[in-house]
Amino acid sequence: MTKPTAARGLISMEGRMLIDPRDGDIEDDAASPGQRSLLAIAGTLLVEISLPKLLFAWTVLLLLPAVLLGLAPLLASAWFSKLSERLAALTEIGAAVALIAVLALGWIGWRPLFRIAETSFWSLNALLVQPGYAFGREALRHLTELVGGKNLTPAGRARLRSANSVGSGIMLSACAVAIAMLAWPASRWTGNWSDIALLHRLVVPMLANAVVLVSGYLAIASLVWGFADASMPQPLDLAAFDAASAEGRRWRIAHLSDLHVIGEQYGFRIESGRAGPRGNDRLDRILAHLAAIHAIDPLDHVLVSGDMTDAGRAGEWAAFLDALAHHPELAARMILLPGNHDVNIVDRANPARLDLPFSTGKLLRQIRTLSALAAVQGDRVHVVDAEGKPIATLQATLAPHRDAIVAVAKRGGLRRVVALRGLFDDQFPMIVPPDAEDGLGIAILNSNAETHFSYTNALGLVSVEQTRRFEAAARHYPRARWIVAMHHHVVEYPMPVKAFSERIGTALINGNWFVRRLEALADRAIVMHGHRHLDWIGACGRLKIISAPSPVMNATDDATTYFYIHTLAAGPDGRLDLLSPERVEIAGATAG
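Adding 97 to a residue's 1-based position in the sequence shown gives its number in this note's numbering.
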């Protein structure tokens, strides 16, 4: 039997090609930490970065909040100074009227001033203080584990982690005190209205004020965080799975993560480059295999814990939804949540690219993600109010914003972007309510930190407000059991790493705080996440944690990958038990 004409033509061309474009080239490894060192990527960043955009972003994200924070005490002191003058001159009606005017000005103006100062402070905290603490803590841990942690037992490694937390807290506190002392001579804490009229003369004092305030906070907070991290239960491998109860209800959860769907037939993924699988064929095999399993032994949920796409591009979402459309029985059980690659990759080909605040690109990636979540699960997940009560489905919540979302997607524009700012964050946590009082609910969290830079796309943070809303939802269902689903791993796990880049900038910045907030639910909740591309099942104290492997990353085209189907069971006294998982292997592509 002869080969088709097209196939014969392709074979004849292969012998004459200098390079085969289907195999990719070095451009496919541009941002891959698996193929290039962080130093090499940083060098590319410095060459390709847009300095005007970087300076503007630094001004808006760092300099402006610092100036506003430093200005707040000067404005407050100027107001008190004016108030004192009017009180001292309170001998006639004119002075009384002026006093009333000053009081009214303070009453009207202090709330916006306080809000601006508070917002600026927490903005700097999220961008500098907490990442700085996490970096220092993990750097010390990495160094000490390389030097003396190779032969430690799990308990010994946990003690070493605790000691490193205290040590890093003390060292960072000392550094913060030193910085505050250096900035103190240039600071200024009192002023009057004539000074305020000449703001250009106060730029240096305002910045110095901000440095002193932030450094003082870091000096105290790092000590508190260090000792808090040291005293919390350290992560350990799960000692044993729970025994199955004879009468308790069970739930089968297929846990996928980090699918990194791409939009090109022969494309490669950002992080793996040519060392990873090409195209999306493996995703099709994963879904087909999962559908076959479901037909024999039905699944309750299919959880995909983020990074459905490689860079949040429209073509990637289209490819993902097209693949899912062939398996409606899985789509009806699927739960998606946003990963850093879905919302924080500015440009998949250029790690030096950054988004300016209020840029269309950032919001576009967010609304593409929301649109996909609404399409897959919009009628099954609910948004909750401040009291934790489910107020509406995701579809119903987004419906009033449909025209504005479509307008941004079609035309962009600063005014339209500003009008939808905050829409993405307001939808989280989403919850899948339990089907009975003691049933299983799923809390869907957004663990992506606010970032405008591809190079820092992996930062994770669960906001205080989002955590409070989930806690309120849990109180609304006091007997329910919960899967707490998120993308980032909550803390660094006790597994050996070769490079510092494997442990820094990827876990939740406030992970230890978040674990403490979950302690009240520890017996009836399990955290399930992705992001690391590695499987790990362990616990922090009583809180069980499951990290999902990526079935498409860290493997060549012909390698076998895998994922797990977990069985959760209703245990006694409202406990949520974790039974031994089922490992599902996906064979690699055959040659040719």
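Using N, Cα and C, we set each Cβ at its ideal position, and we do this for glycine too.
Can you tell me whether residue i is helix, strand or coil according to DSSP?
i    : result
M303 : helix
R680 : strand
Y590 : coil
Y661 : strand
L605 : strand
H357 : coil
R410 : coil
T490 : strand
F338 : coil
G557 : strand
L433 : strand
W155 : helix
I464 : helix
R349 : strand
H386 : helix
F455 : coil
G689 : In this prediction, G689 has a pLDDT of 44, which is less than 50 and means its spatial position is unreliable; what the coordinates show is noted afterwards. G689: coil per DSSP, three-state reduction.
D674 : strand
M98  : For M98, the pLDDT reaches just 49, beneath the cut-off of 50, and the residue's location in the model is therefore unreliable, leaving the point undetermined.
H626 : strand
N222 : helix
V443 : coil
F550 : strand
H438 : helix
H573 : helix
Short of 8 Å in beta carbon distance, which residues of its chain neighbour residue i, apart from the five on each side in sequence? Order them along the chain.
i    : result
R565 : A483
H498 : L517, L520
I442 : I367, D407, A408, G409, R462, S551, N554
Can you check which of these residues, the options, is closest to residue i by C-alpha distance?
i    : options                : result
G685 : I539, T658, S369       : T658
L615 : H584, L335, W579, I367 : W579
R371 : T653, S677, A496       : T653
A391 : P209, R349, M268       : The identity of residue 391 in the sequence shown is His, whereas the question assumes Ala. When only C-alpha atoms are compared, the closest one is R349.
P170 : S312, P302, I393       : P302
G475 : A493, V481, K486, I488 : A493
R275 : V309, G266, E242, N248 : Sequence inspection shows Ala at residue 275; the Arg mentioned does not correspond to that position. The candidate whose alpha carbon is nearest that of A275 is V309.
I393 : S369, I502, L380, E426 : E426
I662 : V649, E682, A577       : E682
E587 : T466, C637, L511       : The residue you asked about is not Glu; residue 587 is Val in the sequence shown. If we check each option's Cα against that of V587, C637 comes out closest.
I539 : F611, R462, A506, L434 : L434
L225 : V473, A273, W281, A255 : A273
L400 : H626, W155, A173       : H626
D457 : R258, V300, V480, I502 : Looking at the sequence provided, one finds Thr at residue 457 rather than Asp. If we check each option's Cα against that of T457, I502 comes out closest.
Q328 : W610, M268, A428       : Checking the sequence, you will find Ser at residue 328 rather than Gln. Selected option, being the one with the closest Cα: W610.
E215 : L166, S147, A255       : L166
R572 : K486, R639, H628       : K486
Counting only the same chain and skipping the five closest in sequence on each side, list residues whose C-beta sits under 7 Å from that of residue i.
i    : result
K150 : L451, L453
I606 : Q227, P228, A231, A546, L556, G557, L558
G345 : A666, A667, G668
Could you name the residues of the same chain whose beta carbon sits closer than 6 Å to that of residue i, not counting the 5 residues immediately before and after it, in chain order?
i    : result
Y590 : P332, W633
T603 : A555
L478 : Rather than Leu, the amino acid found at residue 478 in this sequence is Val. Only L491, M527, V529 meet the Cβ criterion.
A688 : Confidence at A688 is low in this model, with a pLDDT of 48, below 50, so its placement is unreliable and no value can be given for it.
M98  : In this prediction, M98 has a pLDDT of 49, which is less than 50 and means its spatial position is unreliable; what the coordinates show is noted afterwards. Here the set comprises nothing.
F550 : L451
E679 : I662
V612 : V587, C637
G436 : G403, D404, H584
Tell me residue i's beta-bridge partners as DSSP assigns them.
i    : result
P332 : C637
G538 : W579
L240 : BP columns for L240 are empty, so no partner.
L525 : Note on identity: in this sequence residue 525 is Phe, with Leu being the wrong assignment. For F525, which the question treats as bridged, DSSP gives no partner whatsoever.
S644 : H626, W633
V649 : Looking at the DSSP assignment, V649 forms no beta bridge with any residue, so it has no partner.
A283 : Partner(s): none; A283 has no beta bridge.
L400 : H352, I432
- Three or more C-beta pairs below 8 Å linking the region 627 to 643 and the region 316 to 324: no
- Indicate whether the contact test is met: 3 or more Cβ pairs, each with one atom in the region 275 to 287 and one in the region 246 to 257, closer than 8 Å. no
- Touch check for the region 359 to 376 and the region 661 to 670: three-plus C-beta pairs under 8 Å? no
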